[in-house]
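For reference, the structure is listed below as structure tokens.
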Amino acid sequence: MIRNIETKIRLATFVALGSLAAAVIISVGACSFAYRQVSNARKSVYILDNNIPVLAKQTDVEMNRPAEYRAHIDLFHAIFFSLTPDDKYIEYELKKAMYLIDESGAKQVNNLKENGYFNSILSSSSVLTLQTDSIALDIPRKYFRFYGRLKIDRRSATVIRSLITEGYLKDIPRSDNNPHGVLITNWKTLENKDLDNVQKASF
Numbered sequence: 592m593i594r595n596i597e598t599k600i601r602l603a604t605f606v607a608l609g610s611l612a613a614a615v616i617i618s619v620g621a622c623s624f625a626y627r628q629v630s631n632a633r634k635s636v637y638i639l640d641n642n643i644p645v646l647a648k649q650t651d652v653e654m655n656r657p658a659e660y661r662a663h664i665d666l667f668h669a670i671f672f673s674l675t676p677d678d679k680y681i682e683y684e685l686k687k688a689m690y691l692i693d694e695s696g697a698k699q700v701n702n703l704k705e706n707g708y709f710n711s712i713l714s715s716s717s718v719l720t721l722q723t724d725s726i727a728l729d730i731p732r733k734y735f736r737f738y739g740r741l742k743i744d745r746r747s748a749t750v751i752r753s754l755i756t757e758g759y760l761k762d763i764p765r766s767d768n769n770p771h772g773v774l775i776t777n778w779k780t781l782e783n784k785d786l787d788n789v790q791k792a793s794f
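In our numbering, the protein residues as written are 592 to 794.
Okay, structure coming up:
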């Protein structure tokens, strides 16, 4: 009788321990599965295209950073140098450009103002268009060199200039005014010389 009770107690103990072990294993498995599901979900986002959800894959920020650096450099130079003979427009574009660069950009603007650069654009009715040739990046140093051609279309002539600048890049929080989250620092113009000067016929 006592032996039967001991056997039943032992059996109940084994059943209880087995149930506990099974519960622990199931809980760990469920947590692991849930963690994998959440991790996978974070790698994907859905965007709405005409109210239809479309899966969009997220990419590693560091993998895409060089492309963002080039886009930022290209955007800044396009805003800063592509101008029309409209003082309000010039002021507006320069204000946008200053969100993308540190105080070295403001110094450049002040120097150009002192030299009458913007006044000459207005007086000669010049339209400036910048074409990017290439952008060299040194990612470890966050250094860049920009190569482009600046077309200056005046009433009397069309001038093509070679433009080379350099600077460094600093990561900052993204904002509406700086969507790439990059700040150009220590910006300098290395070359801005005439390559071609075509006189227009006067009637």
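The beta carbon of each residue, even a glycine, is placed where N, CA and C say it ideally should be.
Open item on the list: Using a Cβ-Cβ cutoff of less than 6 Å, which residues in the same chain neighbour L666 once the five nearest sequence positions on both sides are dropped?
Closed with: none
Open item on the list: On the criterion of 16 or more Cβ atoms from any shown chain inside 10 Å, does T756 qualify as buried, or is it exposed?
Closed with: Taking all protein chains in view, the Cβ of T756 is crowded by 16 or more other Cβ atoms within 10 Å, so the residue is classified as buried.
Open item on the list: For A697, tell me which candidate among T776, E782, I664 has the shortest Cα-Cα distance.
Closed with: For the residues T776, E782, I664, the minimum Cα distance to A697 belongs to T776.
TODO: State the start and end residues of the unbroken alpha helix (DSSP H) segment that holds V739.
DONE: Going by the sequence as given, residue 739 is Gly instead of Val. First-last for G739: 734-744, but that is the beta strand (DSSP E), not the alpha helix (DSSP H).
Open item on the list: Quick check on this structure: which residue in L685, V619, D678 has the alpha carbon closest to the alpha carbon of S716?
Closed with: S716 has its Cα closest to that of D678, out of L685, V619, D678.
Open item on the list: So, with DSSP's three-state summary, where would you put D677?
Closed with: coil
Open item on the list: Can you give me the C-alpha to C-alpha distance between Q722 and H668, rounded to a whole angstrom?
Closed with: 9 Å
Task: Close Cβ partners of I616 (< 8 Å) along its chain, the five nearest in sequence each way excluded - done: none
TODO: Measure the C-alpha to C-alpha separation of A613 and D762 and round it to an integer number of angstroms.
DONE: 50 Å
- [ ] Report the rounded CA-to-CA distance for L781 versus V700, giving the unit in angstroms.
- [x] Looking at the two C-alpha atoms, the distance is approximately 16 Å.
TODO: Compute the beta-carbon to beta-carbon distance between V750 and D785, rounded to the nearest angstrom, for a pair I have assumed lies under 8 Å.
DONE: 6 Å
- [ ] With distances taken Cα to Cα, identify the nearest neighbour of P731 among G707, H771, P657, V606.
- [x] P657
Open item on the list: For Y660 and N702, what's the separation of their Cα atoms in angstroms?
Closed with: The straight-line gap from Cα to Cα measures roughly 26 Å.
Task: Cutoff 7 Å; reference A662; Cβ partners in own chain excluding five residues on either side - done: H771
- [ ] Note the first and the last residue of the continuous alpha helix (DSSP H) segment covering K698.
- [x] Looking at the DSSP string, the run of the alpha helix (DSSP H) that includes K698 is 694-705.
Open item on the list: Looking only at its chain, what residues have a beta carbon closer than 6 Å to the beta carbon of L760, apart from the 5 residues adjacent to it on each side?
Closed with: Within the same chain, L760 has close Cβ partners Y660, K733, V773.
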